[in-house]
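The structure appears below as structure tokens.
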Amino acid sequence: MTMEMKDSGSVVLTAYHPHSPARIRGMEQSFVQDTPSSHSPTSRKSLPRCRRINRMLSNESAPPPAFSRSNSQASMDSTSMEDFWCEVESIKESSEDGSEEATLLEFKPADEGELEAEWLQDVGLSTLISGAEEEDGQALLSTLTRTQAAAVQKRYNTYTQTLRKKNKHTVRDVRDIFGTNDSSPTFETVPVSPVPSNGIQLPGQKPVWKSVSSNSCLDCGLNKGSPSVTEELSYEVSFSESITVLPKTQEWPKTQRFKKEDSALPKFLVRKSRFGLTEVGDLSPEDMKKIRYLSLIELTAFYDALGVELKRNRAERVRGRENGLFGVPLTVLLENDQKKVPGIKVPLIFQKLLLKLEETGLETEGILRVPGSASRVKNLHQELEAKFYEDTFDWDQVRNNDAAGLLKMFIRELPSPLFTVEYLPAFITLVEKISKIKLQLQALHLLIMLLPEANRDTAKAFLQFLKKVVANEGKNKMNLWNVSMIVAPNLFIYKGKRANQQEMQAAATTAHIVRLLIRYQDILWTVPSFLISQVRKMNEAAMNNSKRQLMFDKGVRKLLRRKTMERERPERPEGAVSFPPYLQSDIPEGVIRVYAPLHSKVSMAIQLNSQTKAKDILARFHCENSRSSSQNVRGQTQSLHEIGGNIGQHCLDPDAYMLDVYRANPQAEWVIKPKAS
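Heads up: the sequence shown at position 93 corresponds to 93 in UniProt numbering, and the numbers run straight through without jumps.
Here it is in structure tokens:
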């Protein structure tokens with residue numbers, strides 16, 4: 001039972017059985033024997049219909065559909081994908097019985113040149129369309145690598161050529177933007193040219209790599225059956241700069257099997273540079289916005305280097321409900337929830353469903369796979385809508401399988417998919433058109449960086465829960481592939497829409513994407529250091545603009561910071577030392593002044609050497625303040641933050657070497673405070 005990849009660019013789905021009734025009956029019997037008791041026809045009404053779907057796939061009277069695939073797609077027999085089809089049927093039945101609204105996402109046809117214009121706007125280069133000379137656009141262009149600049153140039157060329165055809169108005173010549181004589185450069189190969197993660201070339205300095213400890217979350221291997229070879233990942237160099245463009249004459253392998261065993265996934269080891277690792281929540285929202293711009297440019301350059309088209313959807317915005325729990329946009333939910341819990345990043349109802357399942361459902365056999373009662377789930381849905389915010393809902397009455405059903409319903413009923421309508425095709429393409437898992441992971445990494453903040457935070461909470469489900473495989477009988485098959489249709493089949501043929505055929509593809517998300521989630525939520533390097537350069541370019549120079553005049557800066565401190569200074573206990581102004585100009589080279597406004601000893605000058613780490617400074621403050629600090633401060637996890645200069649705000653890795661960070665950003669301020677949750 002294999003799916004063979006033809007070099008013509010199309011394949012025939014051969015996940016079917018020899019056309020004999022005996023073989024089909026044998027398949028069904030073997031599946032029943034392998035199914036847990038909780039996964040019986042009596043507990044899942046849709047099971048016979050699931051089997052009929054598989055019969056349709058294996059029936060000789062219905063020839064297997066042909067569709068475009070690459071070598072990376074798997075050979076998957078119908079029994080291995082049985083749970084996927086059952087979940088699709090369950091979703092279909094939920095929409096048919098009225099328990100879920102059937103709002104369709106409508107897609108607008110794109111006029112010629114519109115996609116390129118939208119792309120330029122999405123990467124923060126709308127100034128190329130308007131012709132305005134704005135600082136942010138110029139700063140962004142000044143930081144691009146060669147492959148990134150080529151990607152921007154290609155889209156801008158297409159846009160301007162389209163406008164000239166339509167005779168709309170005069171547009172800027174691409175040579176005026178990039179300062180090149182050839183508006184359409186081509187690269188035969190792209191050399192690997194390391195970019196320091198701090199964005200500044202230090203004389204005589206080479207990256208020093210430190211292996212992540214074996215108990216680190218970024219040692220993303222497998223607990224059992226792991227491959228013997230471990231691949232290293234580096235964030236120091238742009239992904240697209242590390243790729244040699246494939247010659248047009250090169251062909252993909254004609255046949256490749258897609259293995260569903262956990263051991264088929266490689267083990268990746270991320271090594272820390274001297275600047276440590278940065279998680280998504282460690283940067284300010286302003287800098288994360290720039291990360292999104294750069295990630296889309298880098299993703300486009302990455303796909304260009306691989307010879308793969310980056311496809312995007314253009315969807316009409318569907319206006320969701322403005323109140324309630326289900327079918328409400330994530331941003332609206334969070335806005336409502338933050339009135340009750342300031343600073344919350346994941347909707348309260350979603351958190352509560354996850355908590356319920358983590359407390360009582362992780363060891364439930366068939367959790368996520370075995371559905372709850374449709375009538376009970378419908379009633380619970382209505383009761384939650386009425387009682388959740390009044391805190392009168394009785395969670396003890398909710399059975400684990402019903403809670404899992406509500407969790408999946410919440411994801412499906414989002415007005416826009418969790419991974420966004422625009423980039424769902426890009427998720428599919430990274431598996432269908434890219435063969436190596438390492439390259440798939442790099443593309444997936446950039447797609448995660450592209451997600452809106454609310455989507456990214458909610459997805460992270462969901463994947464952390466799924467990882468816990470897989471960790472309890474011994475009791476719940478749900479391994480990584482099982483969980484991935486169940487979750488995939490809930491994430492990648494649009495809300496309220498029946499699975500069409502193309503989506504059904506992409507079953508194994510979407511399941512593979514989900515298992516990559518679960519297995520490598522700790523890697524995917526780490527910001528690549530080459531992107532942070534570019535953000536630093538963007539901020540430096542903005543600071544060097546002549547209009548901003550006056551703001552950084554020493555006298556003006558001193559006055560502004562004093563006023564800022566007066567407005568933002570937290571209340572201090574009586575008799576505490578006053579908080580000094582954040583000025584570094586009079587401090588000797590290699591010495592930083594660290595501030596800890598929540599401690600009794602609020603500041604300390606520290607001489608840095610080549611071995612001083614952020615955690616060493618934290619330990620010194622802890623020692624100095626261990627007796628005099630309040631109980632509240634001692635109970636909090638404090639982190640060292642880099643603020644200002646060429647970064648907005650950056651929560652430093654405890655293993656970051658401070659002299660390197662200081663040299664990268666000598667104008668920064670150094671503050672110890674709790675890490676944002």
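Positions of the beta carbon are idealized from the N, C-alpha and C atoms, including for glycine.
{"query": "Proximity of His-381 and Phe-462 at Cβ, strictly below 8 angstroms", "result": "no"}
{"query": "Buried versus exposed call for Ala-471 [16 or more other C-beta atoms within 10 Å across all chains shown]", "result": "exposed"}
{"query": "Alpha-carbon spacing of Pro-530 relative to Lys-352, whole angstroms", "result": "The amino acid occupying residue 530 in the given sequence is Phe; Pro does not appear at that position. If you take the alpha carbons of Phe-530 and Lys-352, they lie about 37 angstroms apart."}
{"query": "Simplified DSSP assignment, three categories, for Lys-362", "result": "Strictly speaking, residue 362 in this sequence is Leu, with Lys absent from that position. Reduced to three states, the DSSP call for Leu-362 is coil."}
{"query": "Leu-406 to Val-377 span [Cα, whole Å]", "result": "7 angstroms"}
{"query": "Exposure label - Glu-286; buried when at least 16 CB within 10 Å", "result": "exposed"}
{"query": "Member of Ile-243, Leu-330, Leu-115, Val-123 whose CA lies at the smallest distance from the CA of Arg-146", "result": "Ile-243"}
{"query": "Of the residues Gly-645, Asn-455, Arg-593, the one placed nearest Ala-542, counting alpha carbons only", "result": "Gly-645"}
{"query": "Residue range of the alpha helix (DSSP H) that includes Trp-481", "result": "480-492"}
{"query": "Element boundaries [alpha helix (DSSP H), containing Arg-519]", "result": "507-519"}
{"query": "Neighbourhood of Ser-184 by C-beta, 8 angstroms cutoff - its chain only, sequence neighbours within 5 removed", "result": "Note on Ser-184: pLDDT 40, under 50, position unreliable in the model; the coordinate value appears next. The answer, listed in chain order, is Gln-153, Lys-154, Asn-157."}
{"query": "Spatial distance of Glu-87 from Pro-489 (CA atoms)", "result": "7 angstroms"}
{"query": "Cβ-based burial, Asn-401 [other Cβ within 10 Å; buried from 16]", "result": "buried"}
{"query": "Alpha carbon of Leu-652 to alpha carbon of Leu-283, nearest angstrom", "result": "9 angstroms"}
{"query": "For Glu-358 and Phe-465, the rounded distance between their alpha carbons", "result": "7 angstroms"}
{"query": "Burial state of Gln-442 (16 or more Cβ within 10 Å)", "result": "buried"}
{"query": "Per-residue burial, Gln-521 [other beta carbons within 10 Å of its own, 16 or more giving buried]", "result": "buried"}
{"query": "Touching by the beta-carbon criterion (3+ pairs, under 8 angstroms), the region 440-459 and the region 409-428", "result": "yes"}
{"query": "Three CB pairs or more closer than 8 angstroms across the region 661-668 and the region 290-298", "result": "no"}
{"query": "Beta-carbon gap between Gly-281 and Ala-676 smaller than 8 angstroms", "result": "yes"}
{"query": "Local Cβ density within 10 Å of Arg-440, reported as buried at 16 or more and exposed below that", "result": "Sequence inspection shows Gln at residue 440; the Arg mentioned does not correspond to that position. Buried: at least 16 other Cβ atoms inside 10 Å."}
{"query": "For Pro-588, the three-state DSSP class (helix, strand or coil)", "result": "coil"}
{"query": "Which of helix, strand or coil DSSP assigns to Ala-605", "result": "strand"}
{"query": "Simplified DSSP assignment, three categories, for Gln-667", "result": "coil"}
{"query": "With 16 other Cβ atoms within 10 Å as the buried cut-off, status of Gln-638", "result": "buried"}
{"query": "CB of Leu-334 within 8 angstroms of CB of Pro-347, strictly", "result": "yes"}
{"query": "Leu-444 - DSSP class collapsed to helix/strand/coil", "result": "helix"}
{"query": "Through-space distance from His-622 to Gly-137, alpha-carbon basis", "result": "43 angstroms"}
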